[in-house]
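Heads up: the structure comes next, in structure tokens.
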Amino acid sequence: MYRFLFCFCLGVVIALGTHMGDAQEMEPTARDFHSYANPSAVRVKHIDLDWGVLFDQKILKGTATLTVDRISADQPLVLDTRDLKVEKVETSVGGQSFSPATFTIGEADKILGAPLTVPLPANANQVRIHYSTSPSASGLQWLEPPQTAGKKAPFLFTQSEAIHARSWIPLQDTPQVRVTYTARVRTPKNLLAVMSAENDANTPRDGDYSFRMDRPIPSYLIALAVGDLQFRSLGPRTGVYAEPSVIDRAARELSDTEKMVVTTERTYGPYRWGRYDILVLPPSFPYGGMENPRLTFATPTILAGDKSLVSLVAHELAHSWSGNLVTNATWRDFWLNEGFTTYLERRILEAVYGRPREEMEAALGLRDLNEEIATLEDRDEILHIDLKGRDPDDGSTDIPYEKGALFLRHLEQTFGRARFDQFLKSYFNHFAFQSITTEQFVGYLKQHLLDKYPALAAKVPVDEWIYKPGLPVSAPRPTSPAFAQVARQAQRWLSREIPATSISTAKWTTQEWLHFLKFVQESFESAGSPGASATQLSQTKKAKLLSELDRAFRLTPSGNSEIAFQWLLMSIRNHYEPAYPRLEEFLLSVGRRKFIKPLYEELAKTPEGKKRALTIYRRARSGYHPIAVASIDEVLKWRAD
Ligand code: BES
Ligand code: ZN
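For the sequence shown, the numbering used here assigns the number 1 to the initial residue and increments by one for each residue that follows.
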């Protein structure tokens with residue numbers, strides 16, 4: 001009986017006929033501690049949305065109509081919500097006429113929001129919720145015109161991952177529920193709305209836009225943006241949206257996108273989503289990128305002018321296979337999304353830009369990972385992390401990304417690239433449009449790789465990789481010959497053999513610069529530690545050395561966001577004051593959390609720094625996204641009043 005219900009609720013009764021051999025498919029999907037929903041009793045299959053985008057009130061107002069599968073006839077529908085104002089709920093049988101329904105909203109939890117429970121009359125299979133969002137919705141950012149590139153029109157964008165979709169749509173906000181959706185969005189007439197769905201770049205700008213996503217996706221991939229946007233084609237299936245003053249720069253920077261799609265398909269099977277477009281957002285976007293299907297959202301800080309930061313596109317594109325096609329069933333399985341994607345990202349970079357580029361990115365990744373491992377508790381170093389009772393964003397460290405990617409690299413190196421590529425391709429195909437747990441992956445891995453080559457399998461401690469903290473001793477250690485060269489030069493400069501102006505930097509890529517700066521910082525730190533062989537460097541000496549670098553290479557005004565970030569971080573750490581005005585400007589103009597959080601953290605380490613941080617934050621805070629604000633409030637112990 002249970003088996004029948006499970007098959008039925010997944011809606012794959014027929015499909016299972018051909019896949020019954022795989023035991024892992026029959027496991028019940030794991031409990032998601034980050035959702036109130038009860039999808040094993042009532043499961044949402046489709047959502048029809050209809051909103052007005054009210055910029056003056058900073059709210060979305062309208063309806064969400066959910067079509068559900070009733071698995072247990074007597075069970076109510078339970079949805080996730082956060083700060084939604086629910087006006088009225090109606091139900092319908094077949095969608096013809098809707099009748100008023102009762103509903104209750106439970107107590108709000110700080111992390112999870114509040115459950116919305118709707119008892120369902122017999123046979124009812126549609127539920128319509130009339131609601132509006134709150135101006136402080138965690139998944140929405142409303143920008144005033146001055147916060148945009150064009151300064152003339154307001155802008156709205158969403159960010160749903162991990163559990164913010166519930167702040168703008170009442171739904172079953174768990175990645176194990178997949179839905180199709182349609183939407184109608186009304187906006188001010190001069191603005192364009194785009195979604196993670198079919199977008200018609202030539203749609204008339206009449207303030208009335210319709211969308212359809214006909215492949216089932218998890219809630220965290222539902223996305224919307226509204227602004228003064230232009231479109232530029234990049235290839236037959238690819239294009240970019242951005243504000244008019246940014247569109248040329250964006251199109252130039254992202255011109256390899258079509259090539260990346262073709263390359264990825266060659267190794268991992270067809271791109272299943274139709275078009276692949278990228279939306280370049282205003283600088284307050286709190287992430288580097290977000291893999292919203294058919295329409296990646298990206299920070300403008302990747303527009304370096306030399307394509308040196310397009311690993312982000314490779315990454316978000318790779319999610320079209322790892323994440324969007326095969327999705328983590330719960331947030332403890334997040335590494336299935338990000339580890340696989342980071343591995344694929346590097347494979348794409350290697351194919352498009354060559355092996356040395358891949359080696360550099362992998363080496364930078366390993367350094368970040370080791371640095372993070374040095375600060376994390378054991379329980380947070382486990383790929384299959386226990387996040388019960390915690391915010392799923394707490395799990396978003398280098399562990400799922402870099403340790404996950406390193407694990408796959410270990411498998412690749414052990415079984416050989418040809419076999420491992422074949423394995424991954426069939427994995428994506430096998431679990432396409434499904435949400436799976438770590439256990440399901442392990443079952444598939446065992447059956448299709450480990451058990452086939454037991455002698456090789458003995459070399460990879462799979463359980464240790466997935467269920468234990470730290471790194472196995474046999475973990476690969478990616479290195480880069482180009483970085484070794486950089487380090488040699490840095491060493492000669494640090495030991496005062498050569499002046500900074502004699503370091504041959506002319507052919508350095510962004511990655512080499514990053515390695516150089518990080519190497520210098522590491523040398524400063526080890527020179528300062530007790531027992532280090534190098535001579536101890538005084539604070540003044542370090543600031544002097546930075547000043548020499550700055551004079552030679554003009555690092556403070558760098559327009560490359562990654563280099564600027566690394567430089568500013570070092571400037572704080574070594575009290576290099578000439579960089580402080582640039583630091584302030586950076587913190588006031590960029591909202592990407594990966595950059596601003598470490599900078600505020602670094603500042604907060606000293607009393608004067610903390611004072612400086614608070615002065616800047618007081619001005620910057622209203623321009624940051626709610627997700628970034630939540631993080632920085634915590635760093636600075638900020639109390640809004
Ligand atoms: N899916 C993530 C972004 C994300 C993760 C948002 C968790 C919310 C919760 C996206 O694919 C990502 O990893 N972005 C990275 C860039 C990437 C090149 C590593 C980022 O934003 O820094
Ligand atoms: Zn990612």
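Just so you know, even glycine gets a beta-carbon here, dropped at the ideal spot from N, CA and C.
A quick note: this is a predicted structure, and the numbers were derived from the prediction, not measured.
Bridge-paired residues (DSSP) for Lys61: To locate residue 61, count along the sequence shown from 1; it is residue 61. Paired residue(s): Gly52 and Ser132.
Applying the criterion that 16 or more other CB atoms from any shown protein chain within 10 Å of the CB defines a buried residue, is Asp398 buried or exposed? Indexing the sequence shown from 1 puts residue 398 at position 398. Buried: at least 16 other Cβ atoms inside 10 Å.
Would the C-beta of Glu161 count as close to ligand 2, meaning under 6 Å from any of its heavy atoms? Indexing the sequence shown from 1 puts residue 161 at position 161. Flag unset: Cβ of Glu161 not near ligand 2.
Buried versus exposed, by CB contacts within 10 Å (16 or more), Val629: Residue numbering aside, residue 629 sits at position 629 when the sequence shown is read from its first letter. Answer is buried; the Cβ neighbour count reaches 16.
Could you check whether the Cβ of Glu402 sits closer than 6 Å to any heavy atom belonging to ligand 2? Translated into the one-based positions of the sequence shown, residue 402 becomes position 402. Every heavy atom of ligand 2 is 6 Å or more from the Cβ of Glu402, so no.
Taking 6 Å as the line, does the beta carbon of Thr341 fall inside it for any heavy atom of ligand 2? As a working mapping, residue 341 is identified with position 341 in the sequence shown. It does: the Cβ of Thr341 is within 6 Å (strictly closer) of some heavy atom of ligand 2.
What residue range is occupied by the uninterrupted beta strand (DSSP E) comprising Leu192? For the purposes of this step, residue 192 is taken as residue 192 along the sequence shown, with counting starting at 1. Its beta strand (DSSP E) spans residues Leu192 to Met195.
Going by the beta-carbon positions, is the gap between Met360 and Gln172 smaller than 7 Å? The residue labelled residue 360 in the question sits at position 360 within the sequence shown. The residue labelled residue 172 in the question sits at position 172 within the sequence shown. Going by C-beta atoms, Met360 is not nearer than 7 Å to Gln172.
Excluding the 5 residues preceding and the 5 following Ser320 in the sequence, name in chain order all residues of the same chain whose CB lies nearer than 8 Å to its CB. Taking the first residue of the sequence shown as 1, we reach residue 320 at position 320. Around Ser320, the same chain offers Thr264, Tyr271, Arg272, Trp273, Tyr276, Glu291 and Pro293 as residues with beta carbons nearer than 8 Å, after the five sequence neighbours per side are excluded.
Looking at the structure shown, is Asp22 part of a helix, part of a strand, or coil, going by DSSP? The count along the sequence shown starts at 1 and reaches residue 22 at position 22. In this prediction, Asp22 scores a pLDDT of 39, lower than 50, which makes its location untrustworthy; the coordinate-derived value is nonetheless stated afterwards. Asp22 falls in the coil class under three-state DSSP.
Should the stretch 350 to 359 be called in touch with the stretch 51 to 64, which here means at least 3 C-beta pairs below 8 Å? Not touching, per the Cβ criterion.
Would you list the residues sitting across from Phe297 in a DSSP beta bridge? Locating residue 297 in the sequence shown gives position 297, counting from the first residue. DSSP lists Leu279 and Met290 as partners of Phe297.
Are the beta-carbon atoms belonging to Pro283 and His625 less than 7 Å from one another? Stepping through the sequence shown from its first residue, residue 283 is reached at position 283. Stepping through the sequence shown from its first residue, residue 625 is reached at position 625. No, the Cβ-Cβ distance between Pro283 and His625 is not below 7 Å.
Does the beta-carbon of Tyr401 have 16 or more other beta-carbons within 10 angstroms, so that it is buried, or is it exposed? Within the sequence shown, numbered from 1, the residue matching residue 401 stands at position 401. Its Cβ being crowded by 16 or more others within 10 Å, Tyr401 is buried.
Could you tell me if Lys88 is buried or exposed, where buried requires 16 or more neighbouring beta carbons within 10 angstroms of its beta carbon? Here residue 88 is taken as the residue at index 88 of the sequence shown, counted from 1. So Lys88 ends up on the exposed side.
Going by the CB atoms, is the gap between Ala162 and Trp335 shorter than 7 Å? Residue mapping note: residue 335 aligns to position 335 of the sequence shown, counting from 1. Residue mapping note: residue 162 aligns to position 162 of the sequence shown, counting from 1. No, Cβ-Cβ distance for Trp335 and Ala162 is not below 7 Å.
Whole angstroms are fine: how far does the CA of Val520 sit from the CA of Lys388? Translated into positions along the sequence shown, residue 388 becomes position 388. Translated into positions along the sequence shown, residue 520 becomes position 520. Answer to the nearest angstrom: the Cα atoms are 40 Å apart.
C-alpha distance - Lys425 paired with Pro607, whole-angstrom precision: Position 425 of the sequence shown holds residue 425. Position 607 of the sequence shown holds residue 607. Those two C-alpha atoms are separated by around 53 Å.
Going by DSSP, which residues form a beta bridge with Ser92? Within the sequence shown, the letter at position 92 stands for residue 92. In DSSP, Ser92 forms a bridge with Gln126.
What's the gap between the Cα of Thr684 and the Cα of Arg619? Nothing about residue 684 can be read from this structure; the chain reaches only from 1 to 641.
Unbroken alpha helix (DSSP H) run spanning Phe155, endpoints: Position 155 of the sequence shown holds residue 155. Where Phe155 is concerned, there is no enclosing alpha helix (DSSP H), although the beta strand (DSSP E) it sits in stretches over Phe155 to Thr158.
Kindly indicate the opening and closing residues of the alpha helix (DSSP H) around Asn328. Numbered from 1 along the sequence shown, position 328 holds the residue referred to as residue 328. Careful: Asn328 lies outside any alpha helix (DSSP H), inside the beta strand (DSSP E) at Val326 to Asn328.
Opening and closing residue of the alpha helix (DSSP H) in which Trp465 lies: For the purposes of this step, residue 465 is identified with residue 465 of the sequence shown, where counting begins at 1. DSSP places Trp465 in the uninterrupted alpha helix (DSSP H) bounded by Val462 to Tyr467.
Whole-angstrom Cβ separation of Glu584 and Ile616, contact assumed at under 8 Å? Taking the first residue of the sequence shown as 1, we reach residue 584 at position 584. Taking the first residue of the sequence shown as 1, we reach residue 616 at position 616. That belief holds up - the Cβ atoms of Glu584 and Ile616 are roughly 5 Å apart, short of 8 Å.
Using a Cβ-Cβ cut-off of 6 Å (strictly less than) and excluding sequence neighbours within five positions of Trp567, which residues of its own chain qualify? To locate residue 567, count along the sequence shown from 1; it is residue 567. The residues are Leu555.
Where does Trp142 sit, in a helix, a strand or coil, going by DSSP? The residue you call residue 142 lines up with position 142 of the sequence shown. The answer is strand: DSSP assigns Trp142 an E or B state.
Going by Cα to Cα distance, which pick from Val262, Val240, Phe431 and Thr187 is closest to Thr327? Position 327 of the sequence shown, counted from the start, is the residue given in the question as residue 327. The shortest Cα separation from Thr327 among Val262, Val240, Phe431 and Thr187 belongs to Phe431.
Mapping the DSSP letters down to three states, classify Tyr271 as helix, strand or coil. Start at 1 with the first residue of the sequence shown, and residue 271 comes out as number 271. Coil, per DSSP.
Does DSSP put Glu634 in a helix, a strand or coil? As a first step, residue 634 is located in the sequence shown; it is residue number 634 there, counting from the start. If DSSP states are grouped into helix, strand and coil, Glu634 belongs with the helices.
Min CB distance Gln539 to chain D below 7 Å: Absent here is chain D; the protein component of the structure consists of one chain.
Using the C-alpha atoms, what's the distance from Pro454 back to Lys637? Your numbering for residue 637 matches position 637 in the sequence shown. Your numbering for residue 454 matches position 454 in the sequence shown. Spanning the two alpha carbons is a distance of roughly 53 Å.
Residues bridged to Val226 by DSSP? Position 226 of the sequence shown holds residue 226. In the DSSP output, where bridge partners are listed per residue, Val226 has Leu156 and Ala193.
On the DSSP bridge assignment, give the partners of Val42 in chain order. Position 42 of the sequence shown, counting from 1, holds the residue named residue 42. Paired residue(s): Arg70.
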